[in-house]
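Position in the sequence shown (from 1) plus 3 gives the number in the numbering used here.
The C-beta atom is built at its ideal place from N, Cα and C for all residues, glycine as well.
Predicted model only: the values in this text are computed from it and were never measured.
Accompanying notes for the structure given below.
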Amino acid sequence: MTNLEFYKNLPRKQCCECGEYFEEQAESYLQECERCFSRKHE
Ligand SMILES: [Zn+2]
4 MTNLEFYKNL PRKQCCECGE YFEEQAESYL QECERCFSRK HE
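Take a look at the structure:
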C-alpha cells in the first residue's frame with residue numbers, strides 16, 4: 004500500500020466543537036480536533 008492510499012483510507016471525523024474535519028488518529032477516541040481538545044484540557 005502506498006502512502007497516498009493510506010491517507011485516502013483514513014477516516015475523517017468532524018469536530019463536535021468547531022465543525023472542522025480532522026484525521027482520526029489510530030489511538031484517538033476524541034470527538035474534537037486537537038485545537039479544541041487542547042483548549043478544553045489545558
Ligand atoms: Zn475543533
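Assigned secondary structure, residue i (DSSP; H/G/I helix, E/B strand, else coil)
i   : result
E26 : strand
Supposed contact pair residue j and residue i - C-beta distance, whole angstroms, cut 8 Å
i   : j   : result
E26 : R15 : 6 Å
T23 : C36 : In the sequence as presented, Thr is not what sits at residue 23; that position holds Glu. With 8 Å as the limit, E23 and C36 qualify as a contact, their Cβ atoms being about 5 Å apart.
C21 : Q34 : The Cβ separation is near 11 Å, so there is no contact.
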